[in-house]
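These notes are about the structure you will find just below.
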Amino acid sequence: MGKTTFALNFALALAKSNRTVLLDLDTGTSSLRNFLDVRIERDLSHYLKQGAALDGCRQGLPPAMDPEGAFANFSFIASPRGFVADMVNFSPGVKARLIDGINGLQADYLVVDLKAGLDHNVLDFLPLSNSGILLFTPRLKAATASAAEMAKAVLFRMLDVMLSSPLLRESLEAAPADRRAAVFRRLDEFIANGGDGSGRNLDDLLGEAAEQLPDDNVLRVMRYYVENYKVYYVLNQFNSVAESVENAIKPFVEEIFRSASARLSFHNLGWVVEDEQVRRSGETGVPYMVRRHYQKKQAVPAPVGEDDQLRAMFGLAPARPRPEQKKDLARELSGQLDLLRRIYVFNAGKDPETNLDFIAARARDLSANSIHQFGMKRIFSADEFLQRFQSQLRPFAAPGGD
Ligand SMILES: Nc1ncnc2c1ncn2[C@@H]1O[C@H](COP(=O)(O)OP(=O)(O)O)[C@@H](O)[C@H]1O
Ligand SMILES: [Mg+2]
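Sequence positions in the sequence shown follow the numbering used here and run 35 to 436.
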């Protein structure tokens with residue numbers, strides 16, 4: 035489906051203006067090593083097994099591949115060669131160490147390439163960070179169903195962690211015969227099984243629970259999390275807007291609404307077209323974005339400012355120099371995004387580089403926007419997440435307490 039291809043080129047697009055680290059956690063066959071013709075000096079095993087700092091396991095592109103240092107902000111950490119059992123199945127201890135290392139990396143962005151599937155090696159890095167990008171292709175009908183499964187599993191896993199809260203468990207065990215205990219038992223089962231076969235979804239269940247326990251803080255916070263849960267996705271091997279909406283987006287959203295919740299929000303970060311150069315760059319060992327950058331350099335003889343190029347593209351007169359002005363960051367960002375949107379409309383059908391630059395700009399914009407947790411600075415361990423969850427319960431604590 036192109037996860038590694040996307041992760042690599044997306045990280046390179048981000049690295050054009052931000053320090054970006056690509057971490058390869060797809061220890062299977064389609065890992066980063068096969069896409070980069072680079073001698074790997076160090077990999078993740080040096081951190082996990084030999085006590086090296088994770089930062090020290092990073093390496094950049096060699097000068098031969100990036101002679102001008104256009105991607106100097108890019109670095110990557112390769113996964114260990116071959117299958118190493120305890121790294122394919124990260125134990126809780128290894129996972130915790132990995133999260134620790136990741137949170138200590140000196141970078142603006144971290145892109146993690148995960149393998150497909152719903153096992154805990156994937157899920158544990160997603161729900162507690164709310165920064166996952168779901169990549170799926172409109173060309174495969176089955177991919178739509180598994181993308182929906184994935185989004186649902188991530189949400190349910192997050193709720194499962196909440197339900198395991200010691201604060202909640204203690205209060206339920208104190209009164210196991212209470213109506214409250216029965217309501218939460220039903221929720222537990224529903225979430226553990228991904229449904230109860232009755233055709234009801236999470237909204238129905240949480241709604242019924244809230245009717246029975248109108249003032250319950252745990253339920254209130256859980257519903258808040260569901261309502262603020264956002265699904266970010268990118269369409270790969272995109273062919274047309276109409277077809278993608280029909281074959282992918284509509285069934286995807288419908289399935290999640292039906293089986294999980296209609297309260298989630300969906301954010302399309304963009305798409306990447308199906309492209310022969312993208313496909314071939316996987317075989318040559320030079321990433322598409324890098325190849326493309328240097329190809330264009332050769333093709334454009336006279337140095338023209340980027341702004342002038344864009345203006346020419348849209349048939350506008352060259353910009354007149356503007357008087358010195360202090361920059362307003364928010365305005366600047368939204369202006370750039372507007373510009374990109376226009377390029378997008380012009381070029382969407384044919385140019386993967388523009389697609390990827392657009393997605394990177396969207397990601398930057400979202401991570402600067404506090405309404406989105408996208409691009410948040412840490413990956414929470416389950417414990418950290420729980421602590422946060424429990425501290426959110428307290429403001430609702432019974433009135434009259436101290
Ligand atoms: N947008 C695209 N256009 C053409 N080929 C693509 C595109 N995205 C991925 N591919 C190709 O699809 C194949 C699988 O991609 P890969 O990144 O290894 O997927 P995954 O990591 O999900 O297994 C590779 O040969 C890759 O070059
Ligand atoms: Mg892969």
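All residues carry an ideal CB built from backbone N, CA and C; glycine is no exception.
Between M256 and the set F423, L168, Q329, D399, the nearest pair of CA atoms involves F423. Taking N43 as the centre and dropping the five residues before and after it, the same chain places the C-beta of P321, Y322, M323, L390 closer than 7 Å to its C-beta, in chain order. When secondary structure is reduced to three states using DSSP, G304 falls in the strand class.
According to DSSP, Y143 shares a beta bridge with T54. The Cβ-Cβ distance between F286 and S278 does not fall below 7 Å. Remark: the shortest separation between the CB of D153 and any heavy atom of ligand 2 does not fall under 6 Å. In the structure shown, Y267 falls within a strand segment according to DSSP collapsed to helix, strand and coil. Judged by beta-carbon spacing, D100 lies beyond the 7 Å limit of K129, meaning their Cβ atoms are not closer than that value. Taking a cut-off of 8 Å on C-beta distances, the stretch 233-242 does not touch the stretch 299-317, as fewer than three cross pairs fall below it. DSSP links I111 through a beta bridge to L57. DSSP places L168 within a strand segment (E or B) once states are collapsed to three. Apart from sequence neighbours up to five positions away, the residues of its chain that approach M410 with a beta-carbon distance below 8 Å are S163, N164, S165, S401, ordered along the chain. Annotation: K175 to A112 spans about 31 Å, alpha carbon to alpha carbon. Shown here for N137: same chain residues with a beta carbon closer than 6 Å to its own, the five before and five after excluded, namely R412 in chain order. In the same chain as L59, and ignoring 5 residues on each side of it, the C-beta atoms closer than 7 Å to its own belong to S113, V146, D147, L148, in chain order. Membership of R173 in any alpha helix (DSSP H) is not indicated, and neither H nor E is assigned to it by DSSP. With 16 or more other Cβ atoms from the protein chains shown falling within 10 Å of its own Cβ, R214 counts as buried.
Take L139, set aside five residues on each side of it, and the residues of its chain with a beta-carbon closer than 7 Å to its own are V55, L88, D89, in chain order. Contact between A150 and K50 does not hold, since their C-beta atoms are separated by about 28 Å, which reaches or exceeds 8 Å. In this structure, T171 has its CB at a distance of at least 6 Å from all heavy atoms of ligand 2. Not one heavy atom of ligand 1 falls within 6 Å of the beta-carbon of N389.
In terms of Cβ geometry, D142 and G319 do not form a close pair [threshold 7 Å].
For E207, the enclosing alpha helix (DSSP H) starts and ends at 200-208. DSSP places M256 inside the alpha helix (DSSP H), whose first and last residues are 251-261. Judged by their CB atoms, L247 and V275 are not nearer to each other than the 7 Å cut-off.
At a threshold of 6 Å, D60 counts as near ligand 2, since its beta carbon sits closer than that to one of the ligand's heavy atoms.
Closest option to A86, judged by alpha-carbon separation, among F124, G127, R131: R131.
Q93 carries a strand assignment under DSSP once its states are collapsed to helix, strand and coil. L253 and S180 have their C-alpha atoms some 28 Å from each other. Measuring C-alpha to C-alpha distances from V307 to each of G316, V268, L420 identifies V268 as the nearest.
Between A182 and I283, the CB-CB gap reaches or exceeds 7 Å.
Leaving aside the five residues that flank S199 on each side, the residues in its chain whose CB is nearer than 7 Å to its CB run, in chain order, L420, F423, Q424.
In the three-state reduction of the DSSP assignment, F272 falls in the strand class, which pools E and B. S109 is positioned such that its CB atom lies closer than 7 Å to that of R92. Here Q426 has V255 as same chain residues with Cβ atoms under 6 Å from its own Cβ, once five neighbours each way along the sequence are excluded.
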